[in-house]
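Using the numbering used here, read the sequence shown as starting at -18 and increasing by one per residue.
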Amino acid sequence: MARLTKKQKEARAKVDNNKIYSLEEASALLKEITYTKFDASIDLAIRLGVDPRKANQMVRGVVSLPHGTGKDMKVLALVTPDKEEEAKAAGADYVGLDEYLQKIKDGWTDVDVIVTMPSIMGKLGPLGRVLGPRGLMPNPKTGTVTMDVAKAVAEVKAGKIDFKVDKTGIVHAPIGKASFDTDKIIGNAQELLSTIMKLKPTASKGVYVKSIYMSSTMSPSIAVDTKIG
C-alpha cells in the first residue's frame, strides 16, 4: 500500500468516516481537504438500488448544471456543410465531417462530446469500437443526435452533462471544480440529484438512493445524506 503524504493524512483526519454529512457540510469540507495545486474536479458517486443488467432498471439521463462544470468542454460537431457555420457560431471546437471521421478511425478522440445529425449516424456505426468505450458515441437520448446542432453545442458548452448507471449500480458525475463557491457546488449537486430522483425506474423496489459520496481529485470521499431537499 502506498504511503500517505502529510497533506493526505491531514485531509483524512478532517473527515469523520462515521458521520453522514449534509450537502452543505460536505461541500464546505471538500474545499478544506482539497490540496492539489491545480483546480481539482468535484464528483458525486451515487449508489442506486437498481439492477443495471435489466433493461427496465437502467438509469440514464442528461442534466444542465446551473453553474456549469467548470471545464471547457471540447465539442466536435460532425455535420453536413450547410450546418458548419451554425455549429461554429454556437462554439464547437471542431467542425466538419469526412476528415474527422478519418481522424477518429485513425485513433483520434481528443474531445469531450460529439454532436451530430441523424443522417450521419450511419457513418458513425463502424466507429463504435473507438467511440463506445470512451463514452463519445452520440445518442438521441442525450440530445447529441439532432437537427438543432447549434442548441446541442451551446447546451454542452453551458454545462450539460449526460450520466449513466454503471454495471455496479453507481452513477459517477462531475459537478464542478474546487474553486467553485460552496453555493455553486450545492446547486449543481441538487440539480443532478433531483434529476436522478425523477428517473427512478418503476421496476426498482426498496431504497432507490442507497448512498452518496462527494470527492475531489485525490481527496478522501465524504458520505452525504441521501435525504436531499
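All residues carry an ideal CB built from backbone N, CA and C; glycine is no exception. Because the structure is a prediction, the values reported are computed rather than measured.
Terminal residues of the alpha helix (DSSP H) in which residue i lies
{"i": "residue -12", "result": "-13 to -6"}
{"i": "residue 154", "result": "Taken as a continuous stretch (DSSP letters only), residue 154 belongs to no alpha helix (DSSP H), being part of the beta strand (DSSP E) at 151 to 158."}
{"i": "residue 12", "result": "4 to 14"}
{"i": "residue 179", "result": "163 to 179"}
{"i": "residue 135", "result": "130 to 139"}
Expected contact under 8 Å - CB spacing of residue i and residue j to nearest Å
{"i": "residue 78", "j": "residue 61", "result": "7 Å"}
{"i": "residue 156", "j": "residue 7", "result": "At roughly 11 Å, the Cβ-Cβ gap does not stay under 8 Å, so residue 156 and residue 7 are not in contact."}
{"i": "residue -4", "j": "residue 58", "result": "Their Cβ separation, rounded to whole angstroms, is 42 Å, which puts residue -4 and residue 58 out of contact at 8 Å."}
{"i": "residue 1", "j": "residue 206", "result": "5 Å"}
{"i": "residue 27", "j": "residue 167", "result": "Contact flag wrong, Cβ pair sits at about 15 Å."}
{"i": "residue 142", "j": "residue 133", "result": "The Cβ separation is near 13 Å, so there is no contact."}
{"i": "residue 106", "j": "residue 33", "result": "Actually they do not touch by this definition, with Cβ atoms about 24 Å apart."}
{"i": "residue -7", "j": "residue 201", "result": "5 Å"}
{"i": "residue 21", "j": "residue 199", "result": "7 Å"}
Residue span of the beta strand (DSSP E) that contains residue i, given as start and end
{"i": "residue 205", "result": "203 to 205"}
Residue of the options minimising C-alpha distance to residue i
{"i": "residue 162", "options": "-7, 3, 178 and 23", "result": "23"}
{"i": "residue 182", "options": "-9, -13, 6 and 30", "result": "30"}
{"i": "residue 44", "options": "137, -12 and 146", "result": "137"}
{"i": "residue 3", "options": "171, 199, 188 and 176", "result": "171"}
{"i": "residue 174", "options": "41, 34 and -7", "result": "41"}
{"i": "residue 160", "options": "-8, -14, 16 and -9", "result": "16"}
{"i": "residue 63", "options": "110, 113, 131 and 145", "result": "131"}
{"i": "residue 94", "options": "33, 74, 12 and 36", "result": "74"}
{"i": "residue 99", "options": "128, 106, 115 and 146", "result": "128"}
{"i": "residue 195", "options": "110, 141, 115 and 12", "result": "12"}
{"i": "residue 208", "options": "-13, 197 and 191", "result": "191"}
{"i": "residue 76", "options": "88, 87 and 92", "result": "92"}
{"i": "residue 5", "options": "186, 165 and 119", "result": "165"}
{"i": "residue 46", "options": "201, 184, 158 and 180", "result": "158"}
{"i": "residue 140", "options": "10, -9, 38 and 72", "result": "72"}
{"i": "residue 111", "options": "101, 135, 121 and 84", "result": "84"}
{"i": "residue 180", "options": "-14, 200, 38 and -15", "result": "38"}
{"i": "residue 18", "options": "70, 10 and -12", "result": "-12"}
{"i": "residue 89", "options": "119, 108 and 48", "result": "108"}
{"i": "residue 126", "options": "101, 115, 147 and 145", "result": "101"}
DSSP beta-bridge partners of residue i
{"i": "residue 144", "result": "42"}
{"i": "residue 23", "result": "157 and 197"}
{"i": "residue 28", "result": "151 and 192"}
Chain B contact for residue i (CB, 8 Å cutoff)
{"i": "residue 144", "result": "The chain inventory of the structure shown lacks chain B, comprising one protein chain alone."}
query: Which full runs of the alpha helix (DSSP H) of 4+ residues lie inside the stretch 40 to 128, going along the chain?
result: 65 to 70, 79 to 86, 102 to 105 and 109 to 112
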